[in-house]
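*Asks:* Top to bottom, those sequences are chains A and B.
As numbered in our numbering, the first sequence has no gaps in its residue numbers, which increase by one up to the final residue, 265.
As numbered in our numbering, the second sequence has no gaps in its residue numbers, which increase by one up to the final residue, 754.
No residue lacks a Cβ here, since even glycine has one placed at the ideal position from N, Cα and C.
Below are the structure tokens for one structure; questions will follow.
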Amino acid sequence: MLSKAIRAKRSSCRVLAILLFILFTGFGGQMLLAQSSPGTKATWEIGLTTDLFNRGIKWGNESSTLKSLNLMLEARAKNLGGLFNLNLFAGLGNTNLNGMVFDYLPITLDYEGGSISGIILGLGIDKTVFTASSFNFGWMADFAFDVGFKKSFILEDFITPGEAQAEPDWAQASAGIFVLYDGLEKVQPFLQIAGSKLWGNLKMTEKIEDLIGGQSQDLKGAGIMSITLGWNISLSQKIHLTPRVRVYPGSKTAVGGGLSLFYAF
Amino acid sequence: MKNKNSFFKKRFFLFLISLICLSALILTLGSSELIAQKRKQAKPIIFLDKNNKTKFGENIISNGQANLLSRIKVINQLASKLPKQKFSSRKIIVKFKPEISLQSTENILKVYQPKSYRLIPRINAYVMQVAEGTTVEETLAALRSNPDILYAEPDYKLQLATTPNDQLFRYQYALANPGGILQIPGSPTGKLKADIKATGAWDYAKGDPNVLIAILDSGVDYTHPDLINKVISHGKDFVNNDDDAFDDHWHGTHVAGIIAAATNNSEGIAGVAWNCRILPGKVISADGEGDYSWLIEALIWAADYTSGQAKVQVINMSLGGEEPSQALEDALKYAYNKGIVLVAAAGNHSAPEEPTFVLYPAAYDQYCLAVGASDYNDQIADFSNYGAQLDVTAPGVWILSTIPIAQTEPGYLPYAFASGTSMSAPHVAGFAALLKSTKPWLTPADIMKIIKYTPDDINSADYPGRDDYAGYGRINTERATAPHRITKK
Numbered sequence: 001m002l003s004k005a006i007r008a009k010r011s012s013c014r015v016l017a018i019l020l021f022i023l024f025t026g027f028g029g030q031m032l033l034a035q036s037s038p039g040t041k042a043t044w045e046i047g048l049t050t051d052l053f054n055r056g057i058k059w060g061n062e063s064s065t066l067k068s069l070n071l072m073l074e075a076r077a078k079n080l081g082g083l084f085n086l087n088l089f090a091g092l093g094n095t096n097l098n099g100m101v102f103d104y105l106p107i108t109l110d111y112e113g114g115s116i117s118g119i120i121l122g123l124g125i126d127k128t129v130f131t132a133s134s135f136n137f138g139w140m141a142d143f144a145f146d147v148g149f150k151k152s153f154i155l156e157d158f159i160t161p162g163e164a165q166a167e168p169d170w171a172q173a174s175a176g177i178f179v180l181y182d183g184l185e186k187v188q189p190f191l192q193i194a195g196s197k198l199w200g201n202l203k204m205t206e207k208i209e210d211l212i213g214g215q216s217q218d219l220k221g222a223g224i225m226s227i228t229l230g231w232n233i234s235l236s237q238k239i240h241l242t243p244r245v246r247v248y249p250g251s252k253t254a255v256g257g258g259l260s261l262f263y264a265f
Numbered sequence: 266m267k268n269k270n271s272f273f274k275k276r277f278f279l280f281l282i283s284l285i286c287l288s289a290l291i292l293t294l295g296s297s298e299l300i301a302q303k304r305k306q307a308k309p310i311i312f313l314d315k316n317n318k319t320k321f322g323e324n325i326i327s328n329g330q331a332n333l334l335s336r337i338k339v340i341n342q343l344a345s346k347l348p349k350q351k352f353s354s355r356k357i358i359v360k361f362k363p364e365i366s367l368q369s370t371e372n373i374l375k376v377y378q379p380k381s382y383r384l385i386p387r388i389n390a391y392v393m394q395v396a397e398g399t400t401v402e403e404t405l406a407a408l409r410s411n412p413d414i415l416y417a418e419p420d421y422k423l424q425l426a427t428t429p430n431d432q433l434f435r436y437q438y439a440l441a442n443p444g445g446i447l448q449i450p451g452s453p454t455g456k457l458k459a460d461i462k463a464t465g466a467w468d469y470a471k472g473d474p475n476v477l478i479a480i481l482d483s484g485v486d487y488t489h490p491d492l493i494n495k496v497i498s499h500g501k502d503f504v505n506n507d508d509d510a511f512d513d514h515w516h517g518t519h520v521a522g523i524i525a526a527a528t529n530n531s532e533g534i535a536g537v538a539w540n541c542r543i544l545p546g547k548v549i550s551a552d553g554e555g556d557y558s559w560l561i562e563a564l565i566w567a568a569d570y571t572s573g574q575a576k577v578q579v580i581n582m583s584l585g586g587e588e589p590s591q592a593l594e595d596a597l598k599y600a601y602n603k604g605i606v607l608v609a610a611a612g613n614h615s616a617p618e619e620p621t622f623v624l625y626p627a628a629y630d631q632y633c634l635a636v637g638a639s640d641y642n643d644q645i646a647d648f649s650n651y652g653a654q655l656d657v658t659a660p661g662v663w664i665l666s667t668i669p670i671a672q673t674e675p676g677y678l679p680y681a682f683a684s685g686t687s688m689s690a691p692h693v694a695g696f697a698a699l700l701k702s703t704k705p706w707l708t709p710a711d712i713m714k715i716i717k718y719t720p721d722d723i724n725s726a727d728y729p730g731r732d733d734y735a736g737y738g739r740i741n742t743e744r745a746t747a748p749h750r751i752t753k754k
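Right, dumping it as structure tokens:
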């Protein structure tokens, strides 16, 4: 189980490295293009995003839902190097993995302890490939990972109170296509359909006197797809809002969504 | 014509004979079915309802018999009597220093002219019968003065940990105590849930047939209807030195029923470890006595026993002796190191104003769980030995279980009520088997800790936490097997 967790972390690192490579390539391209054609300079936006991440997960032979209420700062570079748009985000995540059972521990634990805070980091890129009438078609990819803090719980009902510690980690990588309609003046609805992979684990340790056990419960997404419907709403020249609804269909379908407020400069 | 007549006569005669035979057959079958029905109706049945609460008597009442309780024997023989001698008058256990070769050890032993000797494998100790005309004490003194010998000790006597009684109980309150007045003579009031919470545990663990519980005792009546499908082999008899551990006492069969009687079969009693199986080892004679050497050999044998996928994971010892023994400790260590959970009775000789102590092997704290007895009110039984090595308690007063059919008196059922820490230990052994079945990766140390840290502290008002009288408390199988919910608070 430990090796699975290590593998998951390694995979996260690889995906992150690839995205960073793309990012730096983008920056490099941007710089080159800026030298050759000053008109292609990227525009930057910063914003605040609140997001309810909600996705069906599988662990062992069971399934439940991973919920995470995230509050993030987001930076967005549009038309970076004339190649693509880039999103970077970082913030606080609150991962809730209620319902996970740890039956490898000496005393089986059923986790109903609610949210565990952590740090969420990620980035995304998208690029319009072609335009037909007012419809823009393109591709997108994003990656996010959450590193949870340890959270302690008192184990009551035993001869002496024990302690359990929970620590979640998870990551998600998605890649797919989108269509954006820019025929309206202030609203641009868009639809994304992506293949999406989620993996992670919840580590649990228990200690009652000298009875000590630990288990890392690996988890993965219950499906392989995400569908996002959103709207870019221009509130003013520099401020705009992006509400979105996201569905992860699969053996345990879950619906989430978020709201972002951006300021362009 | 004559021929034709004789032909018809013959046919009529044959037809008549066939008719008679057929009638006889029908009558025979009918009567045997009636007998079978009668037998079935008269079967000793203790029903289990869907909550696994025992209900006695329905079948008997329908059979026109007034009271099933009158057909359940009460063990009132003094099975826990103190042995007449503290140790065997003819046998000694001796172990040589590791640097002495096997050939040399035998040569040295022969110097003492033993009547016989045999090696206990794995722990490399000898059981020797002293020479004619010499006493155990003399031989021991001579052996102990030999620098090649690591230890030499008497072959102490074992005693069964059962207290006599003369009352009946109506329920297996130990598994699920309904509380209120228990419908037995004397009508004592039982405390609701003063039990091991077996019904709660069975939702999560019913045991694995490959988890064997070795019962080192007086043997087991493996023909008993509640045990016949639960005993993996006829075991080994260390008393008579053969491969048939049939119970000629009653104690081992009673212990076996508590641990793993066939359960949820609409018949008899429920065992703690539903699906686990039993391996009997006979170390107690028909008189209720045994020698340490038999127990030591049985421990080694049980620890090494395998049958296909099945192996011994738990050993129950509802017996004990007053003296420590290095060889016994070595044997316990051997079994423990093979991943086996060892459970033993604390003993039944507690008396007011008299010093008491936990018997051996239970007192070997590192390797063995020492079990004391509690009652239907979660009170510590007055006979239950106590001391620093006591780990937990389990119900041990008026426990209903199986007894050998051969020892069932006419008109009685092959079940009996008995009391003692002997009856407490098998509850813990069954509990350990349930844990081992659901989590086979746990070590004996883990299982011992789980059993110790999950009980109900029944004497917390006077002695909160672990104490010498109840140990950590009365075992709670549900708390150890059911998932423990972690909540926000």
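1) Mark residue 589 of chain B as exposed unless 16 or more other C-beta atoms lie within 10 angstroms of its C-beta, in which case mark it buried.
2) Taking the continuous alpha helix (DSSP H) assigned at residue 100 of chain A, which residues delimit it?
3) Along chain B, which residues have their Cβ under 7 Å away from the Cβ of residue 208 of chain A?
4) Name the chain A residues whose beta carbon is nearer than 8 Å to that of residue 597 of chain B?
5) Would you mind giving the Cβ-Cβ distance between residue 734 of chain B and residue 651 of chain B, rounded to the nearest angstrom? I have them listed as a contact below 8 Å.
6) Would you please state the rounded distance, in angstroms, between the beta carbons of residue 477 of chain B and residue 575 of chain B? I believe it to be under 8 Å.
7) Just how far apart, CA to CA, sit residue 84 of chain A and residue 199 of chain A?
8) Residues of the region 717-748 of chain B with a CB closer than 8 Å to any CB of chain A: list them in chain order, please.
9) Is residue 112 of chain A close to chain B? Criterion is C-beta to C-beta, closer than 9 Å.
10) Consider the Cβ of residue 458 of chain B: report whether some Cβ of chain A lies at a distance smaller than 9 Å.
11) Contact criterion: CB-CB distance below 9 Å. Does residue 159 of chain A meet it with respect to chain B?
12) For residue 730 of chain B, name the three-state secondary structure that DSSP assigns.
13) For residue 87 of chain A, does the three-state DSSP call read helix, strand or coil?
14) Given this structure, state the Cα-to-Cα distance separating residue 624 of chain B from residue 610 of chain B, to the nearest angstrom.
15) Which residues in the same chain as residue 46 of chain A place their Cβ atom closer than 8 Å to its Cβ, once the five residues preceding and following it in sequence are excluded?
16) Per DSSP, residue 157 of chain A forms a beta bridge with which residues?
17) Can you grab the Cα-Cα spacing for the pair residue 587 of chain B / residue 568 of chain B, in whole Å?
18) Should residue 736 of chain B be labelled buried (16 or more other beta-carbon atoms within 10 Å of its own) or exposed?
19) Could you give the distance in angstroms between the alpha-carbon of residue 419 of chain B and the alpha-carbon of residue 580 of chain B?
20) Can you find a CB in chain B that lies within less than 9 Å of the CB of residue 213 of chain A?
21) From the beta carbon of residue 753 of chain B, is the nearest beta carbon of chain A less than 9 Å away?
22) Run through the region 572-605 of chain B for me and flag every whole alpha helix (DSSP H) of 4 or more residues, listed as ranges in chain order.
23) I'd like the list of long-range same chain contacts for residue 379 of chain B, defined as Cβ closer than 7 Å, with 5 residues on each side in sequence excluded.
24) Residues of chain B with a CB under 7 Å from the CB of residue 108 of chain A: which are they?
25) State yes or no: is the C-beta of residue 616 of chain B within less than 9 Å of the C-beta of residue 638 of chain B?
26) Apart from the five residues just before and just after residue 128 of chain A, which ones in its own chain have a Cβ nearer than 8 Å to its Cβ?
27) Does the beta-carbon of residue 55 of chain A have 16 or more other beta-carbons within 10 angstroms, so that it is buried, or is it exposed?
28) Of all the options B:552, B:657, B:664, B:636, which has the alpha carbon lying nearest to the alpha carbon of residue 422 of chain B?
29) In chain order, what residues of the same chain have a beta carbon less than 6 Å from the beta carbon of residue 745 of chain B, not counting five sequence neighbours either side?
30) Whole angstroms are fine: how far does the CA of residue 192 of chain A sit from the CA of residue 257 of chain A?
31) At a threshold of 8 Å, does residue 95 of chain A count as lining the ligand FAD (C-beta to nearest heavy atom)?
32) Bridge partners of residue 181 of chain A, per DSSP?
33) Is the region 536-549 of chain B touching the region 465-475 of chain B, taking contact as three or more C-beta pairs under 8 Å?
34) Relative to the C-alpha of residue 260 of chain B, which residue among B:545, B:519, B:546 is closest?
35) Kindly list the residues whose CB is nearer than 6 Å to the CB of residue 88 of chain A, restricted to its own chain and excluding five residues on each side of it in sequence; keep chain order.
*Replies:* According to the structure data:
1) So residue 589 of chain B ends up on the exposed side.
2) Per DSSP, residue 100 of chain A lies in no alpha helix (DSSP H) segment and is marked neither H nor E.
3) Those are 718, listed as they occur along chain B.
4) Close partners of residue 597 of chain B in chain A (Cβ separation under 8 Å) are lacking, with about 20 Å as the shortest Cβ gap.
5) Contact flag correct, Cβ pair sits at about 5 Å.
6) At roughly 5 Å, the Cβ-Cβ gap stays under 8 Å, so residue 477 of chain B and residue 575 of chain B are in contact.
7) Looking at the two C-alpha atoms, the distance is approximately 27 Å.
8) For the region 717-748 of chain B, residues whose beta-carbon sits nearer than 8 Å to a beta-carbon of chain A comprise 717, 718, 719, 720, 722, 730, 731, 737, 738, 744, 745, 746, 747, 748.
9) Residue 112 of chain A counts as touching chain B.
10) Chain A contact via Cβ: absent.
11) Residue 159 of chain A counts as touching chain B.
12) Residue 730 of chain B: coil per DSSP, three-state reduction.
13) Collapsing the DSSP output to three states places residue 87 of chain A in a strand.
14) If I take the Cα positions, the gap works out to 8 Å.
15) Within the same chain, residue 46 of chain A has close Cβ partners 73, 74, 75, 76, 262, 263, 265.
16) The secondary-structure analysis by DSSP pairs residue 157 of chain A with nothing; it has no beta-bridge partner.
17) Cα to Cα, residue 587 of chain B sits roughly 24 Å from residue 568 of chain B.
18) Residue 736 of chain B should be labelled buried.
19) The straight-line gap from Cα to Cα measures roughly 24 Å.
20) Taking Cβ atoms only, chain B reaches closer than 9 Å to residue 213 of chain A, which makes this a yes.
21) Cβ-Cβ to chain A under 9 Å: yes for residue 753 of chain B.
22) Counting only runs of 4 or more, we get 591-602.
23) Same-chain partners within the cutoff: 393, 394, 395, 396.
24) For residue 108 of chain A, the residues of chain B that pass the 7 Å Cβ criterion are 748, 749, in the order they occur in the chain.
25) Against a cut-off of 9 Å, the Cβ pair of residue 638 of chain B and residue 616 of chain B comes out as no contact.
26) Closer than 8 Å at the Cβ level, and outside the excluded window around residue 128 of chain A, lie 136, 137, 138, 180.
27) It counts as buried.
28) Relative to residue 422 of chain B, the option among B:552, B:657, B:664, B:636 whose CA is nearest is B:552.
29) Around residue 745 of chain B: 715, 719.
30) Between the alpha carbons of residue 257 of chain A and residue 192 of chain A lies a distance of about 13 Å.
31) In the structure on display, the ligand FAD does not appear, and there are no ligands present to speak of.
32) According to DSSP, residue 181 of chain A bridges with A:135.
33) Yes, since at least three Cβ pairs between the region 536-549 of chain B and the region 465-475 of chain B fall closer than 8 Å, the two stretches touch.
34) Outside the shown range of chain B, which is 266 to 754, sits residue 260 of chain B, and nothing can be said about it.
35) For residue 88 of chain A, where only same-chain residues beyond five positions count, the Cβ hits under 6 Å are 75, 123.
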